[in-house]
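Using our numbering, the first residue of the sequence shown is number 323, and each one after it goes up by one.
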Amino acid sequence: MAAAAGLPMTAFNSCLTTSLIRVGHNRTHHVQVNPYPKLTLCLKKIRWRVRTNATMGNDLPQKQRSFKDFMEEIKTLGRIRIIVNTGVGVLESVTRMDNLFYHTLEGRGEYANVMNKDENVDFHLLVDKVKGAKLVQGKSKKNDTYMIRFMDDKGDSAASFLVMWNPNTDCEYEHGQVEAFQDLLNKYGSDVSFA
Numbered sequence: 323m324a325a326a327a328g329l330p331m332t333a334f335n336s337c338l339t340t341s342l343i344r345v346g347h348n349r350t351h352h353v354q355v356n357p358y359p360k361l362t363l364c365l366k367k368i369r370w371r372v373r374t375n376a377t378m379g380n381d382l383p384q385k386q387r388s389f390k391d392f393m394e395e396i397k398t399l400g401r402i403r404i405i406v407n408t409g410v411g412v413l414e415s416v417t418r419m420d421n422l423f424y425h426t427l428e429g430r431g432e433y434a435n436v437m438n439k440d441e442n443v444d445f446h447l448l449v450d451k452v453k454g455a456k457l458v459q460g461k462s463k464k465n466d467t468y469m470i471r472f473m474d475d476k477g478d479s480a481a482s483f484l485v486m487w488n489p490n491t492d493c494e495y496e497h498g499q500v501e502a503f504q505d506l507l508n509k510y511g512s513d514v515s516f517a
């Protein structure tokens, strides 16, 4: 019954079994006693979801979002360094995400593209292969670092976007860059899954 509604059997069985085991009888007053009312509430919620064919919020990754929505929000970071590491070679380029657009190639899939002739940037990311992102704060010799790692369908880093400081300063970020990263981190958390 739960599987038909799209519920994982583990969540259904866990709540159901625990609720049924904990229900007892108060023999003095001939009243059924449940010392764990929250578990019964869980069972009621599952029954409602089975009847209405709704899904449980906990069944989805905690911060599952649209890849395109996430990419739009990255524009607020300002200058970024795009880093692609194949394990053999590393390619880095600094740009802004203002020129982001999408294009579908028949037989290959949809790509997120950033192209800027003035900065010699021509970057393409296969949307279907990007399953998530990790927002990472780190440290460099002179300053804190803020990076987004896009994870592929194998769990490996496909590309990284490093928030880039102002090149005319001693590793100082432009106004609002750090705040924009913190806003993304607060909104999505450190691990993001794309729907």
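Just so you know, even glycine gets a beta-carbon here, dropped at the ideal spot from N, CA and C.
Would you report the Cα separation of residue i and residue j, rounded to the nearest angstrom?
i	j	result
L382	N490	Any reading at L382 must be qualified, since the residue scores a pLDDT of 39, below 50, and its modelled position is unreliable; no value is offered.
L422	M437	8 Å
R401	V443	13 Å
T374	V514	For T374, the predicted model reports a pLDDT of 48, less than 50, meaning its position is unreliable; a value from the coordinates is still stated below. Roughly 28 Å between the two C-alpha positions.
R471	T426	23 Å
A376	L447	Per-residue confidence for A376 stands at a pLDDT of 44, beneath the threshold of 50, marking its modelled position as unreliable; no derived number is given.
S462	Y495	13 Å
F507	T417	Residue identity check: residue 507 is Leu in the sequence provided, not Phe. Whole-angstrom Cα-Cα distance: 21 Å.
V458	S512	7 Å
G477	G460	20 Å
Q499	V410	31 Å
T432	K464	Looking at the sequence itself, residue 432 is Glu, so the reference to Thr does not match. Approximately 38 Å between the Cα atoms of the pair.
M473	F483	12 Å
D492	D505	24 Å
K453	S479	10 Å
E428	E441	28 Å
K390	V449	9 Å
Y424	D466	32 Å
V412	W487	20 Å
I'd like the span of the beta strand (DSSP E) that includes residue i, first residue to last.
i	result
T435	The question names Thr, but residue 435 is Asn in the sequence shown. From DSSP, the beta strand (DSSP E) with N435 extends over 431 to 438.
N407	402 to 407
R471	466 to 474
V485	479 to 485
E414	412 to 417
V537	The chain is shown only over 323 to 517; residue 537 falls outside these bounds and no answer can be derived.
G454	452 to 461
S515	513 to 516
L522	The requested residue 522 is not part of the displayed model; the chain covers only 323 to 517.
Measure the Cβ-Cβ separation of residue i and residue j and say whether it is below 7 Å.
i	j	result
Y468	V485	yes
I405	M419	no
S388	A517	yes
M393	A434	yes
D475	K451	yes
R403	E414	yes
T398	A502	yes
Just reading off the alpha helix (DSSP H) that residue i is part of, what are its end residues?
i	result
E494	Segment: none, E494 is in no alpha helix (DSSP H) and carries neither H nor E.
K390	389 to 396
Is residue i a contact residue of the ligand NAD, with contact defined as CB to any heavy atom under 6 Å?
i	result
K463	This structure lacks the ligand NAD; in fact it carries no ligand of any kind.
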